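Asker: Residue numbers (my numbering), protein chains in the order written: chain A, 407 to 859; chain B, 407 to 859.
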């Protein structure tokens, strides 16, 4: 009998694993259960669909279920929810809404993803309030703008994380007046204060009304939302988008007695294995190992999911493959700015991991001083005082600023010291960089701070 | 008596060393002898001055001699040539053209730079033929275009290296018909054939007439050049720019019995020390150590010079500082393309260094497939078959392609394997990258090739 590889959840991690396992070992019988209607879709593209930059929701689908079946030989079953795992008998129970069925597995991958956090705020269920997470949410928001009804003229966005910032740009692009509410003192908190300050200035320049340090207590209205309630007063809005974070979807794993880790996501080892034999987990439902701390972390981002899924697919097909560590590298477009971060930037998190963090922020030009078209790039770097090991960094600016974070991410993976970073032979030509790239300049300045300390 | 730090040559390496030494130990007496009229000038900016992108030659000067004197306390003496070093007596002989003088030193830095190679071609001295290397050459070329005489309508460029490619863009921008002559089969030979092919297509699109595999045998004309002579025939041109490479300026060092290395440049150790006590060398006259081979190499580029100079300045001031290894990382703008390379790309060079090179080239999109404005990015990666250690890479494309090479350069410094590169947590968001950055995709494909081998 053929080996059965069963995948629960048909997005990035699940479909990467399914594809890789089938390609590496075509004899394996690969079955994917997806409770929704889409598989392999790009959730990261939703703000651009709302903005109208992407025309059609289907454009966000990389490969359709039919293509997976016909071209890759993967048995994709949408509208099928796995409701129970029996790891003793290597079986899952599957429901199509009416009837249930059983499916046995040799290897099982949990790729159940994450769900949007629903903050405990009065009026969250009012019409015109959208908790954004999946494709259906994006469609609903765009229909609210493009639909037959009176188009909204103003929007409240709850949450200043990357989803909030991207949605601010998207809704502003549609001509709405945008109010962004964040309970913390800054937007993009994981990107550090220096980057956040640059982004906030730019958001204000682009007429986004920032309400920082401002918890929202309710969404006011009769059936339909008409205002956002805060301690500082009411702000009238026609629609609200809530994007305050995601949480791993782990009920299925928990019910099966599969261990969760300190972050609440499913605990995994370096091969993506869970606490139960032949059960793997990857993507937004699973933990990963942090490249700086070596400890479990929760990074629900696309590359982490794709890479872990692919590695597990290879492992299941016979070649044990590590899922790789993560640095929490992220990049966001905020109107004209590129904002990126990697590693441990938060002092408190660094101290909890046993480091004594020292950080510095510099601003330099993106090009040689005499070459036109340059712009400011602001770089933050953090390192451990004693070992001088690099801990993390952030970059914000225009003109190719953002992907410069990849250099810092690469250095983190190499456990580089600040001196190591400073000595990297990075590319220079006048249209692209000063002789000392801003990342190198930041390393030089941080080295000076460490030497002086 | 104060310590004397004497620097020969006032450009990148020399002025970086002088500035750092003086800042770290203000008691040191720092004297810089520069035989020309400029110090601290950006030779890399010359094509952009010729193009008219940079208005004034003085814009290329970062800091004037007067500013070095008044603001940094450095005794800069322009128009002064060091004609002899006596390393036994720690003295140099200095000429101002008329008279000579002696100057003692405690530490000496040779930062004598490089000079343009003058190919043995008939007619090289004709009017209208410019061997480009320094600021005066750039001025002469621009005067030929902007001056009172009949403006040239066509140009021949000799040499398809980065200077040749940059000058092609510069002269095309000034409205000249450009013929580029390269004796090798491809332009940008150190960037590898795949990148070269993309650049060549683009140069042709932009109406640059490429004469590849075409040695030039003479520059025809009476007083003034009127044509370039090749085996394939004569090509009429109004001006010629020759940029076929540079050679280290080492006469002074050779006369003093200071060792040169296998590349012909001054041999140095990891602190930039030469074979004579208290004599350092840095920049375009000196060797550096290659980060992949560990062997001496010659990389006459700005960052190498600046970093080595700065390190030597720190060492002289009391803190022994390594000059750092180099990867030969380079980036060039070729009209709309960004072209970059790092490490060992040439198979022959890799084999000489004891590796068994395997390389692969992929082309992928610069952005998520659904996000508008993306462009092709072509990535070449090379690795050693047995150890799977990464040896080098090249990137060519638009839309933020070029600086992606920094990730590869960082991986080289970490002695990364292809798997290590593949597992880097690089930044992803739809406007900036596919989920798998093209560099990661190239690593994946190369890993597949290695596994299959």
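Virtual Cβ for every residue (Gly too), placed ideally from N, Cα, C.
As the structure is a computational prediction, the values presented were derived from the model and not from experiment.
Going by the beta-carbon positions, is the gap between residue 611 of chain B and residue 738 of chain B smaller than 8 angstroms?
Answerer: No.
Asker: Here's the rule I'm using: 16 or more other beta-carbon atoms within 10 Å means buried, otherwise exposed. How should residue 668 of chain B be labelled?
Answerer: Exposed.
Asker: Residue 846 of chain B and residue 735 of chain A look like a contact to me (Cβ under 8 angstroms); what is the Cβ gap, rounded to whole Å?
Answerer: 12 angstroms between Cβ atoms; not a contact.
Asker: Using a Cβ-Cβ cut-off of less than 9 angstroms, give me the residues of the region 804-820 of chain B that come near chain A, in sequence order.
Answerer: Residues 806, 808, 809, 810, 811, 812, 813, 814, 815, 816, 817, 818, 819, 820.
Asker: Does the separation of the CB atoms of residue 826 of chain A and residue 759 of chain B fall below 8 angstroms?
Answerer: Cβ distance not < 8 angstroms, so residue 826 of chain A and residue 759 of chain B don't count as in contact.
Asker: Distance, Cα to Cα, residue 635 of chain B vs residue 651 of chain B?
Answerer: For residue 635 of chain B and residue 651 of chain B, the distance between alpha carbons rounds to 20 angstroms.
Asker: Out of curiosity, what's the CA-to-CA distance linking residue 497 of chain B and residue 812 of chain B?
Answerer: Using only the alpha carbons, I get a separation of about 42 angstroms.
Asker: Based on the DSSP output, what are the partners of residue 582 of chain B in its beta bridges?
Answerer: For residue 582 of chain B, which the question treats as bridged, DSSP gives no partner whatsoever.
Asker: Taking beta-carbon pairs under 8 angstroms, can you tell me which members of the region 445-469 of chain B lie near chain A?
Answerer: From the region 445-469 of chain B, only 448, 450, 451, 454, 459, 460, 465, 466, 468 have a Cβ closer than 8 angstroms to chain A.
Asker: Nearest CA to the CA of residue 526 of chain B: which residue from B/625, B/447, B/539?
Answerer: For the residues B/625, B/447, B/539, the minimum Cα distance to residue 526 of chain B belongs to B/625.
Asker: For residue 830 of chain B, decide whether its Cβ has a neighbour in chain A, counting only Cβ atoms nearer than 8 angstroms.
Answerer: Output row for residue 830 of chain B: interface = yes.
Asker: When the Cα of residue 679 of chain B is compared with those of B/588, B/699, B/730, B/641, which residue comes out closest?
Answerer: For residue 679 of chain B, the nearest C-alpha among the options comes from B/730.
Asker: Name the chain B residues that come within less than 8 angstroms of residue 838 of chain A, Cβ to Cβ?
Answerer: Ordered by position in chain B, the residues that pass the 8 angstroms Cβ test against residue 838 of chain A are 737, 739, 744, 808, 809.
Asker: Give me the DSSP bridge partner(s) of residue 654 of chain B.
Answerer: According to DSSP, which records beta bridges pairwise, residue 654 of chain B is partnered with B/520.
Asker: Given a threshold of 16 other Cβ atoms within 10 Å of its Cβ, counted over all protein chains shown, does residue 598 of chain A qualify as buried or as exposed?
Answerer: The residue in question, residue 598 of chain A, is buried, as its Cβ has 16 or more Cβ neighbours within 10 Å.
Asker: For a test of the three-state rule: what should DSSP assign to residue 771 of chain B, helix, strand or coil?
Answerer: Residue 771 of chain B: strand per DSSP, three-state reduction.
Asker: For a contact defined as C-beta to C-beta under 7 angstroms, what are the partners of residue 778 of chain A on chain B?
Answerer: Those within 7 angstroms of residue 778 of chain A in chain B are 459.
Asker: Chain B beta carbons: is any one of them nearer than 8 angstroms to that of residue 826 of chain A?
Answerer: True, the Cβ-Cβ gap to chain B drops below 8 angstroms.
Asker: Could you run through the region 542-556 of chain B and flag, in chain order, every residue whose CB is less than 7 angstroms away from some CB of chain A?
Answerer: From the region 542-556 of chain B, no residue has a Cβ closer than 7 angstroms to chain A.
Asker: List, in order along the chain, the chain B residues whose C-beta lies closer than 7 angstroms to that of residue 751 of chain A?
Answerer: None at all; the shortest Cβ gap to chain B is about 14 angstroms.
Asker: Please return the same chain residues whose Cβ sits closer than 8 angstroms to the Cβ of residue 620 of chain A, not counting the five positions on each side in sequence.
Answerer: The answer, listed in chain order, is 587, 588, 589, 636, 637, 638.
Asker: Just curious, the beta strand (DSSP E) that residue 491 of chain B is in, first and last residue?
Answerer: Segment 487-492, the beta strand (DSSP E) holding residue 491 of chain B.
Asker: How many Å lie between residue 433 of chain A and residue 408 of chain A at the Cα?
Answerer: Approximately 7 angstroms between the Cα atoms of the pair.
Asker: Note the first and the last residue of the continuous beta strand (DSSP E) segment covering residue 413 of chain B.
Answerer: Unbroken beta strand (DSSP E) run through residue 413 of chain B: 410-414.
Asker: Per the contact definition of three or more C-beta pairs closer than 8 angstroms, is the region 578-587 of chain B in contact with the region 553-566 of chain B?
Answerer: The answer is yes - the region 578-587 of chain B touches the region 553-566 of chain B, with three or more Cβ pairs under 8 angstroms.
Asker: Quick one: which chain A residues come within Cβ less than 7 angstroms of residue 730 of chain B?
Answerer: Going along chain A in sequence order, the residues near residue 730 of chain B (Cβ under 7 angstroms) are 829.
Asker: Note the first and the last residue of the continuous beta strand (DSSP E) segment covering residue 506 of chain A.
Answerer: Looking at the DSSP string, the run of the beta strand (DSSP E) that includes residue 506 of chain A is 506-510.
Asker: Would you identify the three-state DSSP class for residue 690 of chain B, choosing helix, strand or coil?
Answerer: Of the three classes helix, strand and coil, the one that applies to residue 690 of chain B here is helix, per DSSP.
Asker: Can you give me the C-alpha to C-alpha distance between residue 600 of chain B and residue 462 of chain A, rounded to a whole angstrom?
Answerer: Rounded to whole angstroms, residue 600 of chain B to residue 462 of chain A spans 35 angstroms at the Cα level.
Asker: What would DSSP say about residue 704 of chain B, mapped onto helix, strand or coil?
Answerer: Residue state, collapsed to three classes: coil.
Asker: Who are the neighbours of residue 515 of chain A on chain B, taking C-beta pairs under 8 angstroms?
Answerer: Here the premise fails: no neighbours, minimum Cβ distance about 18 angstroms.
Asker: Check whether the Cβ atoms of residue 410 of chain B and residue 510 of chain B sit closer than 8 angstroms, and answer yes or no.
Answerer: Yes, the Cβ-Cβ distance between residue 410 of chain B and residue 510 of chain B is below 8 angstroms.
Asker: Cutting at 7 angstroms between CB atoms, please list the residues of its own chain near residue 478 of chain A, excluding the five before and the five after it.
Answerer: Same-chain partners within the cutoff: 425, 428.
Asker: Which same chain residues, not among the five before or five after residue 508 of chain A, have their C-beta less than 8 angstroms away from its C-beta?
Answerer: Same-chain partners within the cutoff: 497, 498, 499, 500.
Asker: I believe residue 631 of chain A touches residue 645 of chain A by the beta-carbon criterion, under 8 angstroms. Please report the beta-carbon distance rounded to the nearest angstrom.
Answerer: Right, their Cβ atoms sit about 7 angstroms apart.
Asker: Please tell me whether residue 822 of chain A has its Cβ less than 8 angstroms away from any Cβ of chain B.
Answerer: Answer yes: the Cβ-Cβ gap between residue 822 of chain A and chain B drops below 8 angstroms somewhere.
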